[in-house]
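Step one of this worksheet: look at the structure below.
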Amino acid sequence: MAMPQNSTGENGFCFAQTLDFSCPSPPPGEAGRTFTAPSGREPSGTLLSNGMASSGVPSPSDSCVEPLCSTTPPEEGTQFGQGIKYVSAEGEEPACGWGGFTPGCLQLFNTSKGVLFFLCVASFLQGMTVNGFINTVITSIERRFDLRSYQSGLIASSYDIAACVCLTFVSYFGGNGHKPRWLGWGVLVMGLGSLLFALPHFTTGRYEARSAAEVGVCGGNQSLPCAQAASSLSSYRFVFMLGQFLHGMGATPLYTLGVTYLDENVKTNYSPVYIAVFYTAAILGPAAGYLVGGMFLNIYTEIGREVDIAPENTLWVGAWWIGFLGAGAASLLISIPILGYPQRLPGSQRYIVMRVSEAHQLKDGSHKKASDPDFGKTVKDLPRSVLLLLKNPTFIFLCLAGATEATLIAGMSTFGPKFLESQFSLSASEAATFFGYLVVPAGGGGTFLGGFLVNKFKLRCSGIIKLCLLCTVSSLLAIFIFFIHCPNMPMAGVTQMYEGSALPGGHLNLTAACNAECGCLRETYSPVCGSDDVMYYSPCHAGCKRVSENLRNGKKVYHECSCIEKPFLPGPGDAEAGKCTSSCAKKPLLLFFMFVVILFTFLSSIPALTATLRCVSDRQRSFALGIQWIVVRTLGGIPGPIAFGSMIDKSCLLWQDQCGEQGSCYIYQNSAMSRYTLIAGLVYKVLGTTFFIVACLLYKPPPEESAAGSSDASENGNGDPQEHKPSLPAEEDI
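Take the sequence shown: its position 100, counting from 1, is numbered 91 in this note's numbering, and each next residue is one higher.
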């Protein structure tokens, strides 16, 4: 078949023939009618969105020697549609496999949906481990290893510290490298981090929970050697921090290279939906982590050993480590198929060539440097690449807005279960399960709905930023719900005097005339709920003399408690092991508005990510996401848990006392906890709203005429060449 040659020599486009995308059986005389692709096609057949060749020695005219439409048999090329054919310069599409092992059965998964499935599993495992299991077991780890809230906050922040260290390197070099390999090795490292996080359970001695029965009721043996109580278990926090560090290293490629890999291999308008599904899996992961982790916390940490305390007891430590073993093994397995994916998926060229640039236009025109096919391939281009992003005000303010949202998400996801545990007087497992029920529909639904709205209304970059602004304002209004709180359950010697009078603020007085002769110790915290609906520090502090078991619920019941008066009857009352049940009337209202805050916070996440991808040039997408994650984690993810942990520590009423050493917090003041949460929420939501407003005002889209010929492809969300015939002016800017 005679092929027309490139006559321009400069732009690299073939003008000799009319563009025609339909190729039925050609009638006589029509055999030479073909569509010739732009010269920007790589030797491998890849078309970049800017019309430039990404690499390769062949001259621009070489790309015009292969026909797009042909009547040759199907096995010689890749079929786009009936009668339409893309012929790769290499003669074959990239295969899925490991090295030379590329069996045909694996090619069924060599599609955008296949890679989306495996990336969703990986993001699900990451979310379940880092944002689910860790946040669920944080109270148990504090209790087991004698940690304070700010120390557990530092463990949570180690994930973000690792991500900040790795993000520049991974996003810059991985963005121009083999993305699936970076992703696969990252998931493998993440799995090793999970296994390391569970290691302290197997290297420490047995957990000895000293129940009230062991130390005796009033008048019993209260001995508790200080050498046993004041242990050095808190040093294990460094092992947890190292495990979290590996989590952060492994997850770094997932949310930078994984997002751009999906974006490059699907239609432009379908990209928000694919990314939304990917992030929805990442949100459902924590929800599953809260639910499954809550179930594991109902199992005693020393499996197979019988103890006489219930999960409701504050000395109970559940099997926090099981989830990390399972997630670690699953991550190692899922890394294998991800490592087998090719650098680009079959057929991705047709989506890349139809992409419309929405990058922010700089006044000096320096944004055009990123269109250079050799830009970003060496370390010397790194400073210039950073400078281009720093000169993009829309990108900068989207990063700052993301940082404010990340601070609240990181803080609330880490200490949200603890907030519910304190407000509603729940056990750690009940609070984790409750929080999971909130996050599943609100976080997962909001994430998917955000991507769906962008696709449904065909929003351009400026419209997407306005949607983010609307969501942030809505969650800002809902956060005022933290003005209300549930009152603390009355606790003798902590929130009130033993005779019922108010206790001076900041003063504890656990000893009264009714228990003065019992010899009770501060080291033995085992709360009981008296028949007068008042909580007591322990059965000993309630003055209880005798213990039995409630056959109905299996809880221990203490009798002849001298500090408890029977209602309407003379004589000492009874007490039941565990906290008193809260009957807070504000509970439904508080839960509903927490749901709204979570929903609208996550509703803006995918639109904000899509706006970030669109406001920078195509060649800088991976690197831009990496820089954004650095800003988000440095200003949000890292200080968030630490700041929230410090604020929650300030609202503590009752600290663990280990022979004069301060341990974890037993009782929090609900009003102070709500007040600090409200202040933090208002500050960061107002900042987020301001940043989105500035980003919207400073965004400068490309001139309308520069994308006139390609705008239909973007608006209709269809990149198929048979439906859109790009005009020449459009091709120069794609």
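Ideal placement from N, C-alpha and C gives every residue a C-beta, glycine not left out. These figures come from a predicted structure and were not determined experimentally.
Exercise. For TRP312, I'd like the list of residues in its chain whose CB is within less than 7 Å of its CB, leaving aside the five on either flank, ordered along the chain.
Key: For this step, residue 312 is matched to residue 321 along the sequence shown. Excluding positions up to five away in sequence, the list reads ALA189, HIS192.
Quiz item: Nearest to PRO302 by CA position, among ALA422, GLY435, TRP646, LEU467, is which residue?
Solution: For this step, residue 302 is matched to residue 311 along the sequence shown. Nearest option by C-alpha distance: ALA422.
Quiz item: Which residue from PHE471, GLY309, PRO408, GLY441 puts its Cα closest to that of PHE425?
Solution: Position 434 of the sequence shown holds residue 425. With distances taken between CA atoms, PHE425 lies nearest to PRO408 out of PHE471, GLY309, PRO408, GLY441.
Practice problem: With a floor of 4 residues, list each alpha helix (DSSP H) that falls wholly inside the segment 81 to 168, ordered by position along the chain. | Solution: List check, alpha helix (DSSP H) in window: 103 to 117, 125 to 136, 140 to 166.
Quiz item: Does the beta-carbon of GLU514 have 16 or more other beta-carbons within 10 angstroms, so that it is buried, or is it exposed?
Solution: Translated into positions along the sequence shown, residue 514 becomes position 523. In the assembly as shown, GLU514 is a buried residue. Its beta-carbon has 16 or more other beta-carbons within 10 Å.
Quiz item: Using a Cβ-Cβ cut-off of 6 Å (strictly less than) and excluding sequence neighbours within five positions of SER262, which residues of its own chain qualify?
Solution: The residue you call residue 262 lines up with position 271 of the sequence shown. ASP254, listed in sequence order.
Quiz item: If we ignore side chains and look at the alpha-carbon of each, how far apart do ASP90 and MET240 end up?
Solution: Locating residue 90 in the sequence shown gives position 99, where the first residue counts as 1. Locating residue 240 in the sequence shown gives position 249, where the first residue counts as 1. This sequence places Gly at residue 90; Asp is not what is there. Each residue's Cα considered, the two are about 25 Å apart.
Quiz item: Taking buried to mean at least 16 other C-beta atoms within 10 Å of its own C-beta, is ALA218 buried or exposed?
Solution: Here residue 218 refers to the residue found at position 227 of the sequence shown. Confidence in ALA218 is poor, its pLDDT being 44 and thus under 50, which makes the residue's placement too unreliable to answer from.
Quiz item: Contact check, PHE388 vs ALA469 under 8 Å by CB: the rounded distance?
Solution: Walking along the sequence shown from the start, residue 388 turns up at place 397. Walking along the sequence shown from the start, residue 469 turns up at place 478. The distance from the Cβ of PHE388 to that of ALA469 is about 23 Å, inconsistent with a contact at the 8 Å cut-off.
Practice problem: Run the CB neighbour count on LYS676, radius 10 Å, all protein chains shown included, and call it buried at 16 or more, exposed below. | Solution: Start at 1 with the first residue of the sequence shown, and residue 676 comes out as number 685. With 16 or more Cβ atoms within 10 Å of its Cβ, LYS676 is classed as buried.
Quiz item: Comparing alpha-carbon positions, which option in THR438, THR243, ILE132, ILE152 lies nearest ALA113?
Solution: Counting from one through the sequence shown, the residue named residue 113 turns up at place 122. Considering only alpha carbons, the answer is THR243.
Practice problem: Determine the direct distance from the alpha carbon of LEU237 to that of GLY276, and round the result to whole angstroms. | Solution: Position 285 of the sequence shown, counted from the first residue, corresponds to residue 276. Position 246 of the sequence shown, counted from the first residue, corresponds to residue 237. Roughly 18 Å between the two C-alpha positions.
Quiz item: Is the beta carbon of LEU616 sitting closer than 8 Å to the one on THR247?
Solution: Within the sequence shown, residue 616 is the residue found at index 625, counting from 1. Within the sequence shown, residue 247 is the residue found at index 256, counting from 1. One thing to note: LEU616 has its Cβ within 8 Å of the Cβ of THR247.
Quiz item: Is the segment 662 to 677 touching the segment 455 to 468 in the sense that three or more CB pairs, one from each, lie closer than 8 Å?
Solution: The answer is yes - the segment 662 to 677 touches the segment 455 to 468, with three or more Cβ pairs under 8 Å.
Quiz item: For the candidate residues TYR549, LEU688, THR259, whose alpha-carbon lies nearest to that of GLU726?
Solution: Shown here, the chain extends from -8 to 725; a query on residue 726 therefore has no answer.
Quiz item: So the alpha helix (DSSP H) VAL548 belongs to, where does it begin and stop?
Solution: By 1-based counting over the sequence shown, the position of residue 548 is 557. Taken as a continuous stretch (DSSP letters only), VAL548 belongs to no alpha helix (DSSP H), being part of the beta strand (DSSP E) at 547 to 556.
Quiz item: Is DSSP giving TRP173 helix, strand or coil here?
Solution: Mapped onto the sequence shown, residue 173 falls at position 182. Three-state DSSP puts TRP173 in a helix.
Quiz item: Per DSSP, what kind of secondary structure is TYR291 in: helix, strand or coil?
Solution: Counting from one through the sequence shown, the residue named residue 291 turns up at place 300. DSSP places TYR291 within a strand segment (E or B) once states are collapsed to three.
Quiz prompt | Spatial distance of ILE633 from TYR265 (CA atoms) | solution = As a first step, residue 633 must be located in the sequence shown, where it is residue number 642. As a first step, residue 265 must be located in the sequence shown, where it is residue number 274. Rounded to the nearest angstrom, the gap between the Cα atoms of ILE633 and TYR265 is 33 Å.
Practice problem: Figure out for me which residue from GLY95, TYR690, PHE682, TYR141 has the closest Cα to the Cα of PHE406. | Solution: The count along the sequence shown starts at 1 and reaches residue 406 at position 415. That would be TYR141, whose Cα lies nearest to the Cα of PHE406.
Practice problem: Closer than 8 Å by C-beta to THR251: which residues in its own chain qualify, once you throw out the five before and the five after it? Chain order, please. | Solution: On the sequence shown, residue 251 is found 260 positions in, with the first residue counted as 1. Here the set comprises GLY166, LYS170, LEU604, ARG612, SER613, LEU616.
Self-check item: Contact set for LEU107: own chain, Cβ-Cβ below 7 Å, skip 5 residues either direction
Solution: The residue labelled residue 107 in the question sits at position 116 within the sequence shown. Only residues of its own chain outside the window of five on either side were considered, and among them LEU253, TYR265, VAL268, PHE269 have a CB closer than 7 Å to the CB of LEU107, listed in chain order.
Quiz item: Relative to the alpha-carbon of HIS476, which residue among TYR227, LEU581, SER185 has its alpha-carbon at the smallest distance?
Solution: Looking up residue 476 in the sequence shown gives position 485. Closest in alpha carbon position to HIS476, among TYR227, LEU581, SER185, is LEU581.
Quiz item: Looking only at its own chain, which residues have a Cβ that is under 7 Å from the Cβ of SER413, when we skip the five neighbours before and after it?
Solution: As a first step, residue 413 must be located in the sequence shown, where it is residue number 422. Result list for SER413: TYR659, ASN661, MET664, in chain order.
Exercise. Would you tell me roughly how many angstroms separate the C-alpha atoms of PRO337 and LYS258, rounded to the nearest one?
Key: Counted from its first residue, the sequence shown places residue 337 at position 346. Counted from its first residue, the sequence shown places residue 258 at position 267. Taking C-alpha positions only, PRO337 is separated from LYS258 by approximately 13 Å.
Quiz prompt | Inside the segment 596 to 644 only - alpha helix (DSSP H) runs reaching at least 4 residues | solution = The segment 596 to 644 contains these whole alpha helix (DSSP H) runs: 596 to 605, 612 to 623, 630 to 641.
Quiz item: In or out: GLU508 buried (at least 16 other Cβ within 10 Å) or exposed?
Solution: Numbered from 1 along the sequence shown, position 517 holds the residue referred to as residue 508. GLU508 is exposed by the Cβ-count criterion.
Exercise. Compute the beta-carbon to beta-carbon distance between ALA566 and SER517, rounded to the nearest angstrom, for a pair I have assumed lies under 8 Å.
Key: As a first step, residue 566 is located in the sequence shown; it is residue number 575 there, counting from the start. As a first step, residue 517 is located in the sequence shown; it is residue number 526 there, counting from the start. That pair is no contact at about 11 Å.
Quiz item: Taking one C-beta from the segment 371 to 384 and one from the segment 113 to 125 each time, how about it: are there three or more such pairs within less than 8 Å?
Solution: Segments in contact, no.
Exercise. Kindly indicate which three-state DSSP category ASN709 falls into: helix, strand or coil?
Key: In the sequence shown, counting from the first residue as 1, residue 709 sits at position 718. Interpretation of ASN709 is limited by its pLDDT of 41, a score under 50 that renders its predicted location unreliable; no figure is taken from the coordinates.
Quiz item: Taking all protein chains shown into account, do 16 or more other C-beta atoms lie within 10 angstroms of the C-beta of PHE109, making it buried, or fewer, making it exposed?
Solution: Taking the first residue of the sequence shown as 1, we reach residue 109 at position 118. Buried, by the Cβ-count rule.
Self-check item: N-terminal and C-terminal residue of the alpha helix (DSSP H) that PRO579 is part of
Solution: Position 588 of the sequence shown, counted from the start, is the residue given in the question as residue 579. 578 to 594 is the span of the alpha helix (DSSP H), which, as asked, contains PRO579.
Quiz item: What does a CB cutoff of less than 7 Å around LEU626 pick up in its chain, not counting 5 residues either side in sequence?
Solution: As a working note, residue 626 is residue 635 in the sequence shown. Answer for LEU626: ALA394, listed in chain order.
Quiz item: How about the segment 593 to 604 and the segment 134 to 149: do they share at least three Cβ pairs that are nearer than 8 Å?
Solution: With a cut-off of 8 Å, the segment 134 to 149 and the segment 593 to 604 do not count as touching, because too few Cβ pairs lie within range.
Self-check item: Rounded separation between GLY319 and VAL431 - CA only
Solution: Locating residue 319 in the sequence shown gives position 328, where the first residue counts as 1. Locating residue 431 in the sequence shown gives position 440, where the first residue counts as 1. Near 22 Å, if we compare the C-alpha coordinates of VAL431 and GLY319.
Quiz item: Excluding sequence positions up to five away, which residues of its chain have a Cβ less than 7 Å from the Cβ of CYS571?
Solution: If you number the sequence shown from 1, residue 571 lands on position 580. Only residues of its own chain outside the window of five on either side were considered, and among them SER416, MET480, CYS520, ASP524, MET526 have a CB closer than 7 Å to the CB of CYS571, listed in chain order.
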